[in-house]
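The structure appears right after this line, and notes come after that.
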Amino acid sequence: MSTPSSLAILLSGQGSTMRALVEACRDGRIPLTPALVLSDREEAPGLAWARTAGLRTATVDYRGLGRRRAEERLAALLDDASPTWIALAGFMRILGSDLVRPWLGRMVNIHPSLLPRYPGVDTYRRALAAGEREHGSTVHFVDESLDGGPRIAYVRVPVHPGDDPERLAERTKAAEQKLYPWVCDRLARGILQWSHGSVRYRDGILEEPLDATAFLDG
Ligand code: GRF
């Protein structure tokens, strides 16, 4: 029997994004088995949830190790688990090229903005300060740039009058918890693919990322 395709998930925080992926794997919406949940923070609430859910977990505490050694450990853990896919789900570390390169085309991230707008942190506050009428979340392949790898798909959410960063975050997170499973399912089934630094969707190369907003409604 062939080994089922699997997914490793990296997180630093609450883990609501990881949880959406794990639940989608378990109820058959993504044809992947969650293989490993990795964190850089032992106290991350998402890690506790993953343990309770019976998942294999590990922590690489960057404090005291330094980035290079921490990344070597991360790389070893990933090699050992040998997942088919890696999903970054609120992993608040920039990954160096030695870690990223072996997984090019098989590592994805979700970022809470309509990339290329607002890479980096604090996207909700920055979008509100700029008077944006619309915000959202983007799934992209991970390369050596910060939130700059080939964009796969995004979901748009409205900015409402009187929004503060918390309210906008809540609306965006609800949408991205649908978007990430939607994308991971299509990656797992080969409908979306990495292709020489671009994204292949069915028979063609995407000129622009997919706008999944309408697919995800309801
Ligand atoms: C999500 O909004 C995700 O887009 C971003 O980090 C956040 C993680 O939240 N990369 P959680 O820890 O999954 O709740």
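If you count the sequence shown from 1, position 67 lands on 128 in this note's numbering, and the numbers rise without skipping.
Cβ coordinates follow ideal geometry from the N, Cα and C atoms, glycine included.
Practice item. Assuming Ala105 and Gly125 form a contact by the criterion Cβ under 8 Å, report the distance between their Cβ atoms to the nearest whole angstrom. Key: Locating residue 105 in the sequence shown gives position 44, where the first residue counts as 1. Locating residue 125 in the sequence shown gives position 64, where the first residue counts as 1. About 17 Å; that fails the 8 Å criterion.
Review point. Which residues in the same chain have their Cβ closer than 6 Å to the Cβ of Ile147, if we skip the five residues on either side of it in sequence?
Key: Numbered from 1 along the sequence shown, position 86 holds the residue referred to as residue 147. Ala69, Trp164 and Met168, listed in sequence order.
Point to revise | Cutoff 6 Å; reference Met79; Cβ partners in own chain excluding five residues on either side | key: Position 18 of the sequence shown holds residue 79. Counting only Cβ-Cβ distances below 6 Å, and skipping sequence neighbours, we find Ile70, Leu72, Gly107 and Ala150.
Check your understanding: What's the gap between the Cα of Arg212 and the Cα of Val244?
Key -> Residue 212 sits at position 151 when you count from the first residue of the sequence shown. Residue 244 sits at position 183 when you count from the first residue of the sequence shown. When rounded, the distance between both Cα atoms is 11 Å.
**Study point:** Contact test: Ala150 Cβ vs the ligand GRF heavy atom, cutoff 7 Å
**Key:** Within the sequence shown, residue 150 is the residue found at index 89, counting from 1. Ala150 Cβ: within cutoff of the ligand GRF.
Practice item. Let me know the secondary structure DSSP gives Gly286 once reduced to three states. Key: The first residue shown for the chain is 62 and the last is 279, placing residue 286 beyond what the model contains.
Check your understanding: Alpha carbon to alpha carbon, what distance is there between Leu93 and His201?
Key -> Here residue 201 refers to the residue found at position 140 of the sequence shown. Here residue 93 refers to the residue found at position 32 of the sequence shown. If you take the alpha carbons of His201 and Leu93, they lie about 19 Å apart.
Point to revise | Residues bridged to Leu71 [DSSP beta-bridge criterion] | key: In the sequence shown, the residue the question calls residue 71 occupies position 10. For Leu71, which the question treats as bridged, DSSP gives the partners Leu99 and Leu149.
Exercise for review: Please confirm whether any heavy atom of the ligand GRF lies closer than 7 Å to the CB of Met168.
Suggested key: For the purposes of this step, residue 168 is taken as residue 107 along the sequence shown, with counting starting at 1. False, no ligand heavy atom lies under 7 Å from that Cβ.
Check your understanding: When we look at the beta-carbon of Ser174 and count the other beta-carbons within 10 Å, is it buried (16 or more) or exposed?
Key -> Walking along the sequence shown from the start, residue 174 turns up at place 113. By the 10 Å Cβ count, Ser174 comes out buried.
Check your understanding: How should Leu207 be labelled, buried or exposed, when 16 other C-beta atoms within 10 angstroms of its C-beta is the threshold for buried?
Key -> Looking up residue 207 in the sequence shown gives position 146. Under this definition Leu207 is an exposed residue.
**Study point:** Coil, strand or helix - Gly219 by DSSP
**Key:** By 1-based counting over the sequence shown, the position of residue 219 is 158. Here residue 219 is Pro; the residue named in the question, Gly, does not match the sequence. The answer is strand: DSSP assigns Pro219 an E or B state.
Review point. In chain order, what residues of the same chain lie with their CB nearer than 8 Å to the CB of Glu103, ignoring the 5 residues before and after it?
Key: Start at 1 with the first residue of the sequence shown, and residue 103 comes out as number 42. So the qualifying residues of the chain are Thr120 and Asp122.
Review point. What did DSSP end up calling Asp225 once you bin it into helix, strand or coil?
Key: Residue mapping note: residue 225 aligns to position 164 of the sequence shown, counting from 1. In this structure, Asp225 counts as coil in the three-state DSSP scheme.
Review point. What residue range is occupied by the uninterrupted beta strand (DSSP E) comprising Leu253?
Key: What you label residue 253 is simply residue 192 of the sequence shown in a count that begins at 1. Per DSSP, Leu253 belongs to the beta strand (DSSP E) from Leu253 to Ser256.
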